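So the protein sequences, as listed, match chains A and B.
For the first sequence, the working numbering assigns the number 1 to the initial residue and increments by one for each residue that follows.
For the second sequence, the working numbering assigns the number 1 to the initial residue and increments by one for each residue that follows.
Below: the structure, in structure tokens.
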Amino acid sequence: MTVTGTQQSEITRDESSLRRFLHGLPGVDQVGAQDRAAALATRSIKTTAKAWAIDAAISMVDLTTLEGSDTHGKVRSLAAKARRPDPSDLSTPTVAAVCVYPDLVATAVEALRGSKVGVASVATAFPSGRASLATKLHDVREAVAAGATEIDMVIDRGAFLSGRYGQVFDEIVATKAACGTAHLKVILETGELVTLDNARRASWLALLAGGDFIKTSTGKVTPAATPPVALVMLQAVRDFAADHGAVRGVKLAGGIRSTKDAVRYLVMVNEVAGEQWLTPDLFRFGASTLLNDLLQQRHKLATGAYDGPDYVSMD
Amino acid sequence: MAIFDYAPAPESRDLARLKPHYGIFIDGAFRDGTGEAIKTINPATEEPLAEVAEAGVSDVDDAVRAARRAYDNVWGSMPGRERAKYLYRIARAIQERGRELAVLESLDNGKPIKESRDTDIPLAAAHFFYYAGWADKLGYAGFGPNPQPLGVAGQVIPWNFPLLMAAWKIAPALAAGNTVVLKPAETTPLTALVLAEIIAECDLPPGVVNILAGGPEVGQALTEHPGIDKVAFTGSTEVGKAIQRALAGTGRRLSLELGGKAANIIFEDAPIDQAVEGIVNGIFFNQGHVCCAGSRLLVQESIADEVLPALQRRLGTLRMGDPLDKNTDIGAINSAVQLARIRELADSGDDEGASRWTAPCDIPDRGFWFPPTIFTGVSQANRIAREEIFGPVLSVLTFRTPSEAVEKANNTPYGLSAGIWSEKGSRILWTAQRLRAGVVWANTFNRFDPASPFGGYKESGFGREGGRHGLEAYLAY
Numbered sequence: 001m002t003v004t005g006t007q008q009s010e011i012t013r014d015e016s017s018l019r020r021f022l023h024g025l026p027g028v029d030q031v032g033a034q035d036r037a038a039a040l041a042t043r044s045i046k047t048t049a050k051a052w053a054i055d056a057a058i059s060m061v062d063l064t065t066l067e068g069s070d071t072h073g074k075v076r077s078l079a080a081k082a083r084r085p086d087p088s089d090l091s092t093p094t095v096a097a098v099c100v101y102p103d104l105v106a107t108a109v110e111a112l113r114g115s116k117v118g119v120a121s122v123a124t125a126f127p128s129g130r131a132s133l134a135t136k137l138h139d140v141r142e143a144v145a146a147g148a149t150e151i152d153m154v155i156d157r158g159a160f161l162s163g164r165y166g167q168v169f170d171e172i173v174a175t176k177a178a179c180g181t182a183h184l185k186v187i188l189e190t191g192e193l194v195t196l197d198n199a200r201r202a203s204w205l206a207l208l209a210g211g212d213f214i215k216t217s218t219g220k221v222t223p224a225a226t227p228p229v230a231l232v233m234l235q236a237v238r239d240f241a242a243d244h245g246a247v248r249g250v251k252l253a254g255g256i257r258s259t260k261d262a263v264r265y266l267v268m269v270n271e272v273a274g275e276q277w278l279t280p281d282l283f284r285f286g287a288s289t290l291l292n293d294l295l296q297q298r299h300k301l302a303t304g305a306y307d308g309p310d311y312v313s314m315d
Numbered sequence: 001m002a003i004f005d006y007a008p009a010p011e012s013r014d015l016a017r018l019k020p021h022y023g024i025f026i027d028g029a030f031r032d033g034t035g036e037a038i039k040t041i042n043p044a045t046e047e048p049l050a051e052v053a054e055a056g057v058s059d060v061d062d063a064v065r066a067a068r069r070a071y072d073n074v075w076g077s078m079p080g081r082e083r084a085k086y087l088y089r090i091a092r093a094i095q096e097r098g099r100e101l102a103v104l105e106s107l108d109n110g111k112p113i114k115e116s117r118d119t120d121i122p123l124a125a126a127h128f129f130y131y132a133g134w135a136d137k138l139g140y141a142g143f144g145p146n147p148q149p150l151g152v153a154g155q156v157i158p159w160n161f162p163l164l165m166a167a168w169k170i171a172p173a174l175a176a177g178n179t180v181v182l183k184p185a186e187t188t189p190l191t192a193l194v195l196a197e198i199i200a201e202c203d204l205p206p207g208v209v210n211i212l213a214g215g216p217e218v219g220q221a222l223t224e225h226p227g228i229d230k231v232a233f234t235g236s237t238e239v240g241k242a243i244q245r246a247l248a249g250t251g252r253r254l255s256l257e258l259g260g261k262a263a264n265i266i267f268e269d270a271p272i273d274q275a276v277e278g279i280v281n282g283i284f285f286n287q288g289h290v291c292c293a294g295s296r297l298l299v300q301e302s303i304a305d306e307v308l309p310a311l312q313r314r315l316g317t318l319r320m321g322d323p324l325d326k327n328t329d330i331g332a333i334n335s336a337v338q339l340a341r342i343r344e345l346a347d348s349g350d351d352e353g354a355s356r357w358t359a360p361c362d363i364p365d366r367g368f369w370f371p372p373t374i375f376t377g378v379s380q381a382n383r384i385a386r387e388e389i390f391g392p393v394l395s396v397l398t399f400r401t402p403s404e405a406v407e408k409a410n411n412t413p414y415g416l417s418a419g420i421w422s423e424k425g426s427r428i429l430w431t432a433q434r435l436r437a438g439v440v441w442a443n444t445f446n447r448f449d450p451a452s453p454f455g456g457y458k459e460s461g462f463g464r465e466g467g468r469h470g471l472e473a474y475l476a477y
């Protein structure tokens with residue numbers, strides 16, 4: 001059922017119509033969603049399929065450092081890794097982007113100049129989002145001005161949980177406007193929303209408000225990305241594309257450390273959203289340690305032997 | 001070609017440890033039967049797998065005599081806590097040989113390895129574990145303070161879950177102190193015969209379990225044998241009726257688990273994505289060779305236009321092919337005979353005016369295959385809405401109100417199972433109270449557990465298997 005522009009503006013006209021729409025979405029049966037996610041995880045991805053999946057996963061990584069201890073040096077070394085993940089094998093794809101705090105965007109932009117690697121910045125008082133809208137928007141504008149091509153915002157989970165959907169919606173719309181041409185990823189922090197029904201409603205809210213990507217987590221809250229949450233978010237972008245004709249992306253962040261997990265998520269993308277989503281334009285992993293495991297598994301496939309963590313760079 | 005093309009991931013066929021020849025198991029030993037040996041084939045390739053000895057009528061006599069001796073001399077009087085040890089041992093041995101049994105089951109039956117590996121074999125072991133726990137607690141099962149075993153049980157099982165059905169039959173019978181003679185289906189005898197090996201290795205006293213491969217004549221000789229005290233049959237309603245007629249007036253106990261034509265009811269307030277999974281699991285699990293399959297989809301008219309495209313999209317992701325490939329979702333139809341029956345009934349759907357939709361699947365050149373199929377525009381009067389197809393064919397009907405859903409769901413000679421999908425608890429309870437079906441699943445389908453009783457209403461049979469209730473069929477009180 002395709003929704004026209006008028007119908008979409010009807011949905012988002014005011015707080016109560018937005019609420020009616022979000023609460024009218026089909027429920028998610030948690031047991032069923034867990035079963036489906038677990039069943040997809042039993043797919044056996046071997047040989048040529050595994051080689052494809054590893055390269056695809058590398059190209060979808062947002063190589064991330066979001067620590068209080070981050071420095072310009074740390075960001076420069078991360079950028080070098082992003083440009084050339086494996087200096088011993090130049091056929092290795094580059095990652096999609098590096099992801100840093102706003103004050104380090106300029107350093108990342110400088111270090112990545114001339115490459116195709118994007119610069120993503122968390123903004124809007126990441127990770128809590130507990131600041132005034134003016135402060136959050138200022139945060140975004142600074143990051144964009146410094147050259148960020150992608151902005152990872154956080155929603156106001158407090159507003160969402162107390163049912164002030166209109167406020168969350170308006171903040172996303174305002175952030176999108178502040179992004180200019182930069183892509184907007186909307187972090188739902190599903191670990192704080194807790195239920196899968198909430199994950200579905202927050203996904204639709206972010207998509208209706210114009211988010212280019214919906215993203216699971218900040219990585220600062222446990223649980224972060226889980227298979228059932230990923231399932232529900234992939235269903236949301238799939239159904240949003242069918243209803244509204246606009247194809248939006250999903251980013252999973254937090255806790256994805258192994259190649260096995262990454263491949264399982266690619267299977268989920270393939271079978272739940274569809275193969276159209278198997279591109280860095282529409283699917284990302286926000287991760288720091290995942291990349292090295294992918295590189296080690298890539299070596300293993302190429303040479304038949306594991307060569308250990310000392311054969312990949314630590315950044 | 002697909003962007004993400006899953007490479008073949010076959011489980012090794014050698015794990016099955018196939019032998020060229022399998023005997024019949026009587027009184028603790030394997031031997032050749034007096035019937036003519038048959039070749040059992042791999043339904044996915046039509047290649048012969050092994051030669052299997054078939055029992056003759058005299059073998060049935062021997063087996064029943066051996067079972068009687070074992071009952072009188074050892075098993076019937078053995079304390080429950082001692083019987084339990086044997087059952088626990090069998091359960092563990094099934095787990096230890098789980099991979100072997102899973103591969104063998106998929107080779108002989110055609111079902112995908114992910115189902116034999118994740119469902120059939122673990123559940124078979126779970127049934128032995130569960131009933132082992134009851135063996136020394138029968139006085140607390142609700143059948144009086146001192147319930148007694150019946151004696152010798154004759155058990156005949158179908159080809160759709162060969163090892164699992166053997167476990168469903170044998171475990172409660174032994175726990176209650178009975179001895180058994182079991183006949184597996186003619187097309188799928190191998191895992192039951194490996195179970196016989198396991199039973200021998202577990203040092204079960206000779207004659208407590210006897211397993212005879214054979215066709216319908218052997219089944220008839222067993223179920224009508226005057227030396228048995230109890231018949232348990234799982235299979236078609238037609239054969240079940242014949243058994244009941246033959247046993248009338250003999251005083252022998254009988255439990256029947258027969259066909260089904262289950263309604264899977266999707267209300268407009270259902271969790272749609274999970275309901276779609278439930279529909280798929282309901283009718284395409286095990287190629288639809290499931291007596292409790294959700295073969296009639298009853299979907300509320302207000303959401304039919306949403307559910308059907310979602311279902312078709314989902315069916316487009318099902319992978320049909322080599323049952324041993326770990327990524328296969330839909331395996332082979334078990335036999336040429338069954339394939340012909342499915343085709344005949346599906347053709348009747350076309351003739352009676354329903355619209356057929358077939359999932360896009362590449363069909364292998366050899367073997368017996370039928371792609372997932374949906375019929376829409378089906379009326380209650382059509383054969384595909386009334387007769388059990390026992391294949392991957394779903395008939396879609398719609399309803400407008402909850403009462404209409406219940407009426408349509410109950411409007412069948414069968415009553416084995418039903419499914420209800422709704423996020424509203426009160427609607428689930430209201431509906432479940434009115435459905436005449438032995439098992440009613442809410443927001444799930446085809447979920448089995450040894451602790452849960454299973455069995456039918458009306459022409460789906462009587463008696464329960466599984467749970468505390470499953471003991472009753474094997475106890476006098």
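Note that the Cβ used here is the ideal one computed from N, Cα and C, for glycine as well.
Computed from a prediction, not measured in an experiment: that's the story for all the values here.
Could you pull out every unbroken alpha helix (DSSP H) segment of at least 4 residues lying fully inside the segment 228-305 of chain A, listed in chain order?
Within the segment 228-305 of chain A, the complete alpha helix (DSSP H) runs of at least 4 residues are 259-268 and 290-303.
Quick one: is Q380/B buried, meaning 16 or more other Cβ sit within 10 Å of its Cβ, or exposed?
Counting from one through the second sequence, the residue named residue 380/B turns up at place 380. Classification of Q380/B: exposed, given that the 10 Å Cβ count is below 16.
By DSSP's criteria, W357/B is part of a beta bridge. Which residues make up the other side?
Residue numbering aside, residue 357/B sits at position 357 when the second sequence is read from its first letter. The partner list for W357/B (beta bridge, DSSP) reads I374/B.
Hey, does A132/B have any beta-carbon neighbour from chain A nearer than 9 angstroms?
The residue given as residue 132/B occupies position 132 in the second sequence. By this cut-off, A132/B is not an interface position.
Could you check where the alpha helix (DSSP H) with C179/A kicks off and where it finishes?
As a working mapping, residue 179/A is identified with position 179 in the first sequence. Y165 to C179 is the extent of the alpha helix (DSSP H) around C179/A.
Which residues share a DSSP beta bridge with I266/B?
By 1-based counting over the second sequence, the position of residue 266/B is 266. BP columns for I266/B point to V299/B and W421/B.
Determine which residues of the segment 25-51 of chain A have a Cβ less than 8 angstroms from any Cβ of chain B, and write them out in chain order.
Answer in chain order: P26, G27, V28, D29, V31, G32, A33, D35, R36, T42, R43, S44, I45, K46, T47, T48, A49 and K50.
Say whether the segment 155-162 of chain B touches the segment 204-212 of chain B, bearing in mind that this needs 3 or more beta-carbon pairs closer than 8 angstroms, one atom from each stretch.
They do not touch, by the three-pair rule.
With DSSP collapsed to three states, give me the class of I214/A.
Residue mapping note: residue 214/A aligns to position 214 of the first sequence, counting from 1. I214/A: strand per DSSP, three-state reduction.
Using DSSP's beta-bridge definition, name the partner residues of M320/B.
As a position in the second sequence, residue 320/B is number 320, starting the count at 1. According to DSSP, M320/B bridges with I330/B.
Can you pull the chain A residues whose beta carbon is under 7 angstroms from the beta carbon of D5/B, in chain order?
Taking the second sequence and counting its residues from 1, the one referred to as residue 5/B is at position 5. Simply A49.
Cβ of C361/B within 9 angstroms of Cβ of M320/B?
Mapped onto the second sequence, residue 361/B falls at position 361. Mapped onto the second sequence, residue 320/B falls at position 320. Yes, these two residues count as a Cβ contact at 9 angstroms.
I'd like to know if T119/B contacts chain A, where contact means its C-beta is closer than 9 angstroms to some C-beta of that chain.
Counted from its first residue, the second sequence places residue 119/B at position 119. With 9 angstroms as the cut-off, T119/B does not count as an interface residue toward chain A.
Under a Cβ-count criterion, where at least 16 other Cβ atoms within 10 Å of its own Cβ denotes burial, should T107/A be classed as buried or exposed?
For the purposes of this step, residue 107/A is identified with residue 107 of the first sequence, where counting begins at 1. So T107/A counts as buried.
Would you mind sorting I265/B into buried or exposed? The rule is 16 or more other CB atoms within 10 Å of its CB.
In the second sequence, the residue the question calls residue 265/B occupies position 265. It counts as buried.
Roughly how many angstroms separate the alpha carbons of R447/B and A37/A, rounded to a whole number?
Here the question's residue 447/B lines up with position 447 in the second sequence. Here the question's residue 37/A lines up with position 37 in the first sequence. Distance between the alpha carbons of R447/B and A37/A: 16 angstroms.
Please give the ranges of any beta strand (DSSP E) in the segment 170-235 of chain B, keeping only runs that are unbroken, at least 3 residues long and fully inside the region.
Counting only runs of 3 or more, we get 179-183, 209-211 and 230-234.
Give every residue of the same chain whose Cβ lies closer than 6 angstroms to the Cβ of A478/B, excluding the five residues on either side of it in the sequence, and list them in chain order.
With chain B running from 1 to 477 in the structure shown, residue 478/B is simply not present.
State the start and end residues of the unbroken beta strand (DSSP E) segment that holds G118/A.
Within the first sequence, residue 118/A is the residue found at index 118, counting from 1. Element bounds for G118/A: G118 to V122.
What's the call for S12/B, buried or exposed, on a 16-neighbour Cβ count within 10 Å?
Numbered from its first residue, the second sequence carries residue 12/B at position 12. By the neighbour-count rule (16 or more Cβ atoms within 10 Å), S12/B is not buried but exposed.
Residues of the segment 444-472 of chain B in Cβ contact with chain A at a cutoff of 8 angstroms, in chain order, please.
Those would be T444, in chain order.
What residue from K50/A, P26/A, M60/A and R43/A has the CA that sits closest to L278/A's CA?
Stepping through the first sequence from its first residue, residue 278/A is reached at position 278. Here the closest residue by C-alpha is M60/A.
For K114/B, which residues in chain A fall below 8 angstroms Cβ to Cβ?
In the second sequence, the residue the question calls residue 114/B occupies position 114. Those are T42, listed as they occur along chain A.
How about L193/A: is its C-beta nearer than 9 angstroms to some C-beta of chain B?
As a working mapping, residue 193/A is identified with position 193 in the first sequence. So no, L193/A is outside the interface.
Is the CB of Q297/A under 9 angstroms away from at least one CB in chain B?
The residue you call residue 297/A lines up with position 297 of the first sequence. So, not an interface residue.
Start and end of the alpha helix (DSSP H) containing V60/B?
One-based indexing of the second sequence puts residue 60/B at position 60. Run containing V60/B: V57 to A70, per the alpha helix (DSSP H) assignment.
Would you say Q7/A reaches chain B, if we count a Cβ-Cβ gap shorter than 9 angstroms as a contact?
Position 7 of the first sequence, counted from the first residue, corresponds to residue 7/A. It does not; no Cβ of chain B falls within 9 angstroms.
Quick one, are the C-beta atoms of L25/A and R200/A less than 9 angstroms apart?
Along the first sequence, read from residue 1 onward, the residue named residue 25/A stands at position 25. Along the first sequence, read from residue 1 onward, the residue named residue 200/A stands at position 200. Cβ distance < 9 angstroms, so L25/A and R200/A count as in contact.
Is A206/A near T216/A, with beta carbons less than 9 angstroms apart?
Counting from one through the first sequence, the residue named residue 206/A turns up at place 206. Counting from one through the first sequence, the residue named residue 216/A turns up at place 216. Not closer than 9 angstroms, so no.
Evaluate the contact criterion for the segment 290-310 of chain A versus the segment 75-94 of chain A: three or more CB pairs, one atom per stretch, below 8 angstroms.
Result yes; three or more Cβ-Cβ pairs closer than 8 angstroms.
If we ignore side chains and look at the alpha-carbon of each, how far apart do Y140/B and A125/B end up?
Against the second sequence, residue 140/B aligns to sequence position 140. Against the second sequence, residue 125/B aligns to sequence position 125. Each residue's Cα considered, the two are about 23 angstroms apart.
Is the separation between the beta-carbon of G463/B and that of A473/B shorter than 9 angstroms?
By one-based count along the second sequence, residue 463/B stands at place 463. By one-based count along the second sequence, residue 473/B stands at place 473. Yes, the pair counts as a contact, with Cβ atoms nearer than the cut-off.
Determine the chain B residues that contact L278/A at a beta-carbon separation under 8 angstroms, and present them in chain order.
As a first step, residue 278/A must be located in the first sequence, where it is residue number 278. In chain order: I3 and F4.
Does the CB of A270/B have a neighbour CB from chain A at under 9 angstroms?
On the second sequence, position 270 is the one that residue 270/B refers to. Judged by the 9 angstroms Cβ criterion, A270/B is in contact with chain A.
If we cut at 9 angstroms on Cβ distances, does A432/B have a partner in chain A?
Taking the second sequence and counting its residues from 1, the one referred to as residue 432/B is at position 432. False, the Cβ-Cβ gap to chain A never drops below 9 angstroms.
Can you name the residues of chain B whose CB is closer than 7 angstroms to the CB of E271/A?
As a working mapping, residue 271/A is identified with position 271 in the first sequence. In chain order: T317.
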